[in-house]
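One structure is given below, encoded as structure tokens.
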Amino acid sequence: MQRLNRLERKPIIIGIDPGTTIGYAILDVDGNILEINSGKHLKLSWIISHLTEFGEPIIIACDVNKAPRLIEKIARRFGAKICCPKKDLSWPEKLRITKPYKRFVKNKHERSALSAALHAYESIHRVVEKIKRQYKENLGKLICRVVKKDVAIKKAKIELDQLAL
20 MQRLNRLERK PIIIGIDPGT TIGYAILDVD GNILEINSGK HLKLSWIISH
70 LTEFGEPIII ACDVNKAPRL IEKIARRFGA KICCPKKDLS WPEKLRITKP
120 YKRFVKNKHE RSALSAALHA YESIHRVVEK IKRQYKENLG KLICRVVKKD
170 VAIKKAKIEL DQLAL
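Under my numbering, the first residue of the sequence shown is numbered 20, with each subsequent residue one higher.
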């Protein structure tokens, strides 16, 4: 199987709840759930490999104001943006955010990861919609560049056009 380069893979949003039991949630940039799961003592190498199967992580999100080390390590590995809430998400807030998806959530770790991912999705969905309205080609590449590099849409489009030459 041929591996796609980073810019050819579809952009995804990851929510992680680190700890002995690690919860993770994977969303596409439309907010659709691709996977929610958790496991004990998951190795960093496994997490990175597994996430890569779904696409190119553009945001690694957590539910607390200061990103834990695991979040920083994963984000650094992918060159992804870290998304933390302005203040730690409270349990009632997590319940509210994840209520429409409760049938997919098996435990508190998965709920925390999903709430982080959904919070991150909310922070970028307007810019993603703007990109989709304005550009039809190279959407995934453009979204990755805008979100990960934090550049303006027009500048990212110019950079991609120059790479294609």
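Note that the Cβ used here is the ideal one computed from N, Cα and C, for glycine as well. From a predicted model like this one, the values you see are computed outputs, not experimental measurements.
Asked                                                                                                                         : Found
When the Cα of residue 171 is compared with those of 81, 149, 157, 182, which residue comes out closest?                      : 149
Given this structure, state the Cα-to-Cα distance separating residue 100 from residue 168, to the nearest angstrom.           : 8 Å
Thinking just about the alpha-carbon of each residue, which of 121, 29, 66 is nearest to the one in residue 36?               : 66
Is there contact here, the stretch 150-157 with the stretch 83-92, by at least three beta-carbon pairs under 8 Å?             : no
Is it buried or exposed, residue 38, if we count other Cβ atoms within 10 angstroms and call 16 or more buried?               : exposed
Are the CB atoms of residue 40 and residue 64 nearer to each other than 8 Å?                                                  : no
How would you call residue 107, buried or exposed, if buried means at least 16 neighbouring beta carbons within 10 angstroms? : exposed
Could you work out which residue in 123, 95, 133 is closest to residue 116 when comparing CA atoms only?                      : 133
At what residues does the alpha helix (DSSP H) containing residue 64 begin and finish?                                        : 63-71
Of the residues 53, 78, 52, 112, which one's Cα is nearest the Cα of residue 165?                                             : 78
Which first and last residues belong to the alpha helix (DSSP H) in which residue 111 is found?                               : 110-117
Which whole runs of the alpha helix (DSSP H) in the stretch 112-156 are 4 residues long or more, in chain order?              : 127-153
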